[in-house]
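Working notes for the structure below.
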Amino acid sequence: MKNYRAIIVEDEQLPRLSLLRKLNTYHPDIEVVECCESYDAALTAILRHRPDILFLDIQLQGHTTMELLRELKEAIPLPHIIFTTAYSNSEYLLQAIRFAAADYLLKPVNVADLAKAIHRIEERDATAPDPHPETESGKVPFRTLNGTLYAGREEVVYVRACGNYSDMMLAEGEEIVLERLGVIESKLGERHFIRAGRNLLLNRDMIYRVNRRHKSCTLRTPGGQEYSVELSAGGLDAVERR
Numbered sequence: 046m047k048n049y050r051a052i053i054v055e056d057e058q059l060p061r062l063s064l065l066r067k068l069n070t071y072h073p074d075i076e077v078v079e080c081c082e083s084y085d086a087a088l089t090a091i092l093r094h095r096p097d098i099l100f101l102d103i104q105l106q107g108h109t110t111m112e113l114l115r116e117l118k119e120a121i122p123l124p125h126i127i128f129t130t131a132y133s134n135s136e137y138l139l140q141a142i143r144f145a146a147a148d149y150l151l152k153p154v155n156v157a158d159l160a161k162a163i164h165r166i167e168e169r170d171a172t173a174p175d176p177h178p179e180t181e182s183g184k185v186p187f188r189t190l191n192g193t194l195y196a197g198r199e200e201v202v203y204v205r206a207c208g209n210y211s212d213m214m215l216a217e218g219e220e221i222v223l224e225r226l227g228v229i230e231s232k233l234g235e236r237h238f239i240r241a242g243r244n245l246l247l248n249r250d251m252i253y254r255v256n257r258r259h260k261s262c263t264l265r266t267p268g269g270q271e272y273s274v275e276l277s278a279g280g281l282d283a284v285e286r287r
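Take any residue in the sequence shown, count from 1 to its spot, add 45: that is its number in our numbering.
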């Protein structure tokens with residue numbers, strides 16, 4: 046069985062602790078990396094940890110998790126989603142289906158239903174094809190203004206989001222890519238690239254110097270070219286934790 050990393054988003058303490066206890070007891074291969082009780086805390090934690098599974102309560106202190114998911118979808122590929130809620134309203138069910146949720150569980154969560162939901166995720170992963178296959182040359186395709194760019198991970202220095210498109214800095218020049226940063230990140234992979242804030246991807250292997258005073262990072266290509274990139278406070282922390 047694959048090991049999964051999960052985040053629980055639940056604003057009530059008892060249901061939150063109950064679900065955590067059931068996961069620890071019956072599904073020890075699922076590591077709960079954080080439990081969140083507010084919208085803002087959940088957004089920050091999900092962007093930082095990039096969990097494989099989200100356990101989400103529908104209602105969350107004045108927000109709905111649909112709002113949270115819409116905001117996340119702009120930034121990253123969504124993980125597997127299991128909704129946990131006290132409501133059996135069909136409207137919520139339809140919204141869950143719209144986000145391709147793995148399951149929709151009523152609280153208090155039944156142990157058997159929880160096991161079925163997790164098994165469904167395992168089946169999805171076992172049968173899912175690679176959504177972003179590399180070419181035989183090891184290059185990854187990206188949509189551009191004039192067609193398709195094929196770039197290897199070692200060629201991409203950094204990528205900055207610009208709304209519905211992204212500015213990709215390559216060792217041999219700059220390209221406008223007509224894809225959101227979350228899609229690009231899923232193609233390049235977390236192993237090779239680090240999210241330095243919500244709008245920036247950096248090549249891990251090219252990070253050469255971090256300047257905390259000026260909130261900047263210098264990246265150096267194998268050919269010796271250097272690029273200086275400004276970082277947000279959150280981006281600076283992410284780079285130093287890498």
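Built from N, CA and C at the ideal position, the CB exists for glycine as well.
- Of the residues assessed, L64 falls on the buried side of the cut-off, its CB having 16 or more other CB atoms within 10 angstroms.
- If you draw a straight line from the Cα of R249 to the Cα of T109, it comes to about 35 Å.
- Taking a C-beta distance under 8 Å as the contact criterion, L105 and D56 qualify as a contact pair.
- In this structure, the CA atom of R169 is about 38 Å from the CA atom of P267.
- When secondary structure is reduced to three states using DSSP, P186 falls in the strand class.
- The continuous stretches of alpha helix (DSSP H) do not include G218, which lies in the beta strand (DSSP E) extending over residues G218 to V222.
- With a cutoff of 8 Å on beta-carbon distance, L233 and R198 are scored as near each other.
- Your pair L113 and A87 checks out as a contact, with CB atoms roughly 6 Å apart and the cut at 8 Å.
- DSSP, read as helix, strand or coil, puts Q58 in helix.
- Shown here, G192 sits in a strand according to DSSP, grouped into three states.
- The continuous alpha helix (DSSP H) containing T172 extends over residues V156 to T172.
- DSSP places R240 within a strand segment (E or B) once states are collapsed to three.
- Shortest Cα-Cα distance from I103 to any of F128, A90 and L123 involves F128.
- Under DSSP, M214 forms a beta bridge with Y203 and E219.
- Looking at the DSSP output, I126 sits in a beta bridge with L99.
- Taking the Cβ atoms as the reference, P124 lies roughly 17 Å from L159, outside the contact range of under 8 Å.
- Annotation for S83: no beta strand (DSSP E) segment contains it, and DSSP assigns it neither H nor E.
- At a Cβ-Cβ threshold of 8 Å, Y210 and L194 do not count as neighbours.
- Assignment of I52 by DSSP, reduced to helix, strand and coil, places it in the strand class.
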